[in-house]
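Going by the numbering used here, the letters in the sequence shown line up with residues 2 to 391, in that order. Ideal Cβ placement from N, Cα and C applies to all residues, glycine included. Fair warning: this is a prediction, and the values are worked out from it, not measured in the lab.
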Amino acid sequence: MGHAPLGVSTVTATHPSMGDIGPITPHTARATAHPNIALVKYWGKRNADLVLPATGSLSLTLDIYPTDTVVSPDPSLTSDIFTLNGEPVPGTPTQRVSAFLDLVRKRSVEQGSGQEKPELPHMYARVNSINSVPTGAGLASSASGFAALATAASKAYGLPGDPRSLSRLARRGSGSATRSILGNLVIWHPGDGDDEHADLTSYAESVPGPDLAMVICVVSGAQKAVSSRVAMADTIRTSPFFGGWVTSTQRDLVYMQQALAAGDYTRVGEITESNALRMHAAINGNRPPVRYLAPTSVAIFDAIAQLRNDGLEVYGTADAGPNVVALCQAKDLDATHAALHERFPDLELIPARAGSGAHLTPVGETSENEQNSAHEGQPAQAHDAANRQE
Ligand code: DP6
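Pasting the structure below:
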């Protein structure tokens, strides 16, 4: 247990799902964020240090599986401590969290946010994160994880909490986390150039569009053989298709924004499916080769095409793994879920609607995860924008 900063009383809290989160101080902050699935994918960094993407991308933030993160700077710590779902996670996850907090502390010094509390930017932190994605669902958690961490850590260390600043910061943890700072449809701008200016101009922004929903088809929850971070770098280095991927994705992003603005769902769906398969084609060109889609994934893409022929407008997409995500209009979510269940009765299918962006939550409040486990089966309600940290 840490010592309280002078004149500050601390309370040790035990959260129902987080276990002992250590002493709560005036600097403790807590935030929640949701995962997102891209309609126009991010695949490739032009600057790995600053996490500047090769192209812009666009996604739907979902209302399922929030990550709930508490950050407590503590003067008694000699290193950052990261626990996930109540367990310490030594190695790469802790290193990534710690490197991220180093950036937060550096900015805190630069921005003079520690002036009133000069010791604050030099404190290590306890980070306790609860990720509600069920084990084996095979859904990436880095987007919701770093979006929640950026939001809580910014508050804890006195950095600005507006969406532009938060999304720029979250980007440094994981590219796709940039987009989870905001709810519903979100564009991540690639930024101009390759330097400090690019860093300032590569952020997330909300975009208007039709009411969309998704059904996640869980083909496998197993850890992927090649992480997306490694495969992405290999595509740039070894795939002859990377150049084509970049130019066609730049076009897809323009057409996607036009289609969303026009409320042209058919066009949105067509671009989504084609963009995903082009990403996988570029990845298939890696040496050594990487193939994320499994035979069942391909069967789901075929079934989705069949559903369209039968009059239900569903389109497929897939991230760096075998799970396929069916995109539909919100009004067709139940029908899409039912139609996929009929064709794949043994697959776990997870329906999702548009969800909220990352937001601060009171440190002592019952989290969305805890509320969900109390009302099992009910989707989390989207928080409105007013709840977000501005
Ligand atoms: C296929 O955001 O996980 O999901 O920036 O290296 O952490 P890093 O990569 P990450 O990559 C996501 C790739 C994707 C497509 C997407 O979400 O746009």
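Taking Cβ to Cβ, would you say residue i is nearer than 8 Å to residue j?
i    : j    : result
A153 : V71  : yes
A148 : A34  : yes
R97  : A144 : no
M215 : A336 : no
S58  : I38  : no
A331 : D212 : yes
S207 : L183 : yes
L63  : R108 : no
T68  : S142 : yes
H342 : L350 : yes
F101 : G162 : no
F242 : A282 : yes
G210 : L261 : yes
N324 : I217 : yes
May I ask you to list the residues that DSSP assigns as paired with residue i?
i    : result
P352 : V216
K46  : P54
Q112 : None, per the DSSP bridge assignment.
T62  : N37
H338 : None; H338 has no bridge partner.
A211 : The sequence shown places Pro at residue 211, rather than the Ala named in the question. In DSSP, P211 forms no bridge with anything.
P89  : T84
T70  : A32 and S130
I182 : Bridge partners of I182: none, in fact.
L328 : M215 and Y316
L294 : Answer is none; L294 lacks a bridge partner.
L361 : A32
V1   : This structure leaves residue 1 out entirely; the chain is present only between 2 and 391.
D75  : Y125
How many whole angstroms separate the CB atoms of residue i and residue j, which I take to be in contact at a CB cut-off of 8 Å?
i    : j    : result
L53  : R47  : 5 Å
F83  : V134 : About 17 Å separates the two Cβ atoms, so there is no contact after all.
A171 : A151 : 4 Å
N287 : S240 : 5 Å
R31  : T362 : 5 Å
N86  : I25  : About 20 Å separates the two Cβ atoms, so there is no contact after all.
A1   : I284 : Not covered by the structure: residue 1. The range shown for the chain is 2 to 391.
L29  : V299 : Note that residue 29 is Thr in the sequence shown, not Leu. Their Cβ separation, rounded to whole angstroms, is 47 Å, which puts T29 and V299 out of contact at 8 Å.
T93  : L254 : Incorrect: roughly 31 Å between the Cβ atoms, too far for contact.
L313 : A355 : The Cβ separation is near 20 Å, so there is no contact.
L167 : Y66  : The pair is not a contact, with the Cβ atoms about 20 Å apart (cut-off 8 Å).
R230 : S203 : 18 Å between Cβ atoms; not a contact.
| Can you find at least 3 beta carbon pairs, one from the region 304-322 and one from the region 240-248, that sit closer than 8 Å? | no
| task | List in chain order the residues whose CB is within less than 5 Å of at least one heavy atom of the ligand DP6. | result | A39, K42, Y43, S58, S143, S175, G176, S177, S229, R230, D320 and A321
| contact_flag[the region 311-319, the region 277-290] where n(CB pairs < 8 Å) is 3 or more | yes
| said: Using 8 Å as the cut-off, can you tell me whether the region 65-82 makes contact with the region 117-129, which would need three or more C-beta pairs spanning the two stretches below that distance? | reply: yes
| Segment contact flag, the region 260-276 with the region 189-200, C-beta cutoff 8 Å, min 3 pairs | no
| Is there contact between the region 283-296 and the region 218-238, where contact requires at least three CB pairs shorter than 8 Å? | yes
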